[in-house]
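Counted the way the UniProt record's numbering counts, the sequence shown spans residues 1 to 408.
Cβ atoms here follow ideal geometry from the backbone N, Cα and C, with glycine treated the same way.
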Amino acid sequence: MESLSCILPSDIMVKILASLPARSLVRFRCVSKSWRSLLSEPYFLTMWMNRSGTTLLVVPLEWGNRDQCSLVFENVSIGVKKLKLPFGNRWFSLSVVGSSGDGALICLTGLSYVRRHESKQAVILWSPYTGKIKALGNEGCVQCRRWPVCTESLVQGYNSACCNRYVVHGFGYEPNARDYKVVRITYSYGDVRQVYTLVRSWHVEVYSLGRDTWKSLGRPNFTWTVRGNSRAFVNGSVHWLAAPYANACYSSIVAFNMKEESFGDFIWLPRSEDLLQFSLNPRGNATLSVSCGSLALIAFGKWNREECGIWVMKEYGVAESWTKQHHIVLPMGPVRAVLGLTGRGKMLLRMVDEKLVCCDVEDKQMNEVGIQGGSPDSSFDVIDLGGADPTLRNQAGGRSMLTITNLQ
């Protein structure tokens, strides 16, 4: 940079570097010590991530489609990049739970085959920067009348009509202890489910990466039903939509605080009159996400499935602060699943034809990103990694959180 300082002011040079793709920055770290130091500075990395666009990790639900795992960059100069998963053939189905803000640590769940109609589900911590993985097993088997299992129901954490239990997860960071944690809630029907059998939450566990142990919390202090892996980590807690019983409409939010390792008070949804035209049925695609650091609710119309509303909780925990931020009519047809909001205000949608679409909630523009799934059971899951490109850290140097047993 010294040789260029006489041509361009340093602040202009920094802005130019911050607009470059990650692969160029990796090469430029070798130019000089001063460039390497600059490109490692937190303020520069923050500037670069704010300018570089969104990075989406696309994970196939079925292991037979593992070659379809991709990184999708919002920055059109980079596009789509294939990503090799270092998991071997141990799990036949995967789903994403969450990730650290910089993409250095990703939490997934995976199903492994035991025998006909039985499988086990594990939590997988993966550092793409180093390729290290850590599998956290789950005791007991899931029995399923389908062959081999109903992939979407189990991996995505939804109650199924043919399985004897299902599991939901949440992932988050506890800054005081500098520790990543995973919470797991197991719902059980007892034996393989019969029609109209009640589902009950019967076991809660929390895993600490710093302690490298699972801690049993026993039965939760509520009987409500939650579904799906949490994609809403806000205010130190992971959140799920909750219903009073299986197949009932959602009416509140359950929150688990990572610091206290306990469930807090229920959080109520927007007033019912504000939601009259929107569906809160468990299969109606309602979901929780995060918008600019605040809890957000996404719901679709009862009669028009191409109509979508987004509410944001302006003051955490205060039901009266729910504010409807967006009302969108999707021009590309009905949606199969909402995969959340990115940090840049894009809504991720899996359409009925299994295409991945990004919808800008401000200008209502929708764009296909070049990802095509198969059937619902062999489609994909997506998570926002911010502006990071985790495939480049091995070249640039970096550490893996999975090698640290005590983060304090």
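How is residue i classed by DSSP in three states: helix, strand or coil?
i: SER70; result: strand
i: MET258; result: coil
i: LEU105; result: coil
i: PHE87; result: coil
i: ASP274; result: helix
i: LYS132; result: strand
i: TRP35; result: helix
i: LEU94; result: strand
i: VAL14; result: helix
i: PHE266; result: coil
i: LEU25; result: helix
i: SER100; result: coil
i: SER40; result: helix
i: residue 411; result: This structure leaves residue 411 out entirely; the chain is present only between 1 and 408.
i: LEU288; result: strand
i: CYS30; result: coil
i: ASN304; result: coil
What number of angstroms, rounded off, separates the C-alpha of residue i from the C-alpha of residue j?
i: LEU136; j: GLY101; result: 22 Å
i: CYS249; j: GLY98; result: 25 Å
i: ARG305; j: GLY345; result: 21 Å
i: CYS359; j: HIS117; result: 39 Å
i: TYR180; j: VAL72; result: 25 Å
i: GLY293; j: TRP311; result: 13 Å
i: VAL59; j: ASN285; result: 20 Å
i: TRP91; j: ASP353; result: 26 Å
i: GLY170; j: VAL182; result: 6 Å
i: ILE124; j: VAL357; result: 27 Å
i: ARG350; j: ASN367; result: 12 Å
i: GLN372; j: LYS355; result: 5 Å
i: PHE44; j: SER37; result: 10 Å
i: ARG219; j: SER262; result: 11 Å
i: VAL330; j: LEU56; result: The residue you asked about is not Val; residue 330 is Leu in the sequence shown. Taking the straight line from one Cα to the other gives about 21 Å.
Apart from the five residues on each side of it in sequence, which residues of its chain come closer than 6 Å, Cβ to Cβ, to residue i?
i: TRP240; result: VAL226, SER230, VAL254
i: THR287; result: ILE298, VAL338
i: SER216; result: GLU205
i: LYS82; result: SER70
i: GLN194; result: Because the pLDDT at GLN194 is just 48, under 50, the model does not fix this residue reliably, and the point stays unresolved.
i: TYR173; result: TYR180
i: MET347; result: LEU341, CYS359, VAL361
For residue i, which residues of its own chain have a beta-carbon under 7 Å away from its beta-carbon, when the five flanking residues on both sides are left out?
i: GLY264; result: SER237, ALA255, ASN257
i: SER289; result: ARG231, ALA232, ALA296, ILE298, GLY340, LEU341
i: ALA243; result: TRP224, THR225, CYS249, TYR250, SER251, PRO282
i: LYS364; result: ILE328
i: MET332; result: MET351, VAL357, MET366
According to DSSP, residue i sits in a beta bridge with which residue or residues?
i: residue 433; result: With the chain running from 1 to 408 in the structure shown, residue 433 is simply not present.
i: VAL167; result: THR186
i: GLY110; result: LEU94, ALA122
Length-filtered (3 minimum) beta strand (DSSP E) runs lying within the stretch 318-358 | 322-329, 335-341, 346-351
What runs of the alpha helix (DSSP H), each 4 residues or longer, lie entirely inside the stretch 186-252?
-> none
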